[in-house]
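K.L.:
Encoded as structure tokens, here's the structure I'll be asking about.
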Amino acid sequence: MKSPPACSDLVSLRVKEMVADKMGVSTSTVNTYLDRVRIKYANAGRPAATKAALLARAIQDGLIGLVEL
Numbered sequence: 000m001k002s003p004p005a006c007s008d009l010v011s012l013r014v015k016e017m018v019a020d021k022m023g024v025s026t027s028t029v030n031t032y033l034d035r036v037r038i039k040y041a042n043a044g045r046p047a048a049t050k051a052a053l054l055a056r057a058i059q060d061g062l063i064g065l066v067e068l
């Protein structure tokens, strides 16, 4: 069983195919993960419609640091 994806991998500005390859999943799965994260942020009243916005939210929330970019 694969470990959950690292937040930094999901929200970084890397190409989705590279993330999928690194995680050993399909690009569709990466898209699903991104959609789920966007929904959670929207439900919390903090929408993040783009990968850049997701990255900003993750940094704001302390999920990743600038050194991980």
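Just so you know, we're using numbering that gives the first Met the number 0 here: the sequence shown kicks off at 0 and counts up by one. Every residue gets a Cβ at the ideal spot worked out from N, C-alpha and C, and that includes glycine. The structure presented is a predicted model; accordingly, all values stated were derived computationally and were not measured.
1) Which full runs of the alpha helix (DSSP H) of 4+ residues lie inside the segment 25-52, going along the chain?
2) When we look at the beta-carbon of Ala19 and count the other beta-carbons within 10 Å, is it buried (16 or more) or exposed?
3) Give me the Cα-Cα distance between Leu23 and Gly44, rounded to the nearest whole angstrom.
4) Below 8 Å on the Cβ atoms is my contact criterion, and I expect Lys15 with Thr31 to pass it. Report the Cβ-Cβ distance as a whole number of Å.
5) Is DSSP giving Leu54 helix, strand or coil here?
P.N.:
Here's the rundown:
1) 26-42
2) buried
3) Here residue 23 turns out to be Gly, not Leu, going by the sequence shown. Taking the straight line joining both Cα atoms gives about 32 Å.
4) Not confirmed; about 11 Å, so no contact.
5) helix
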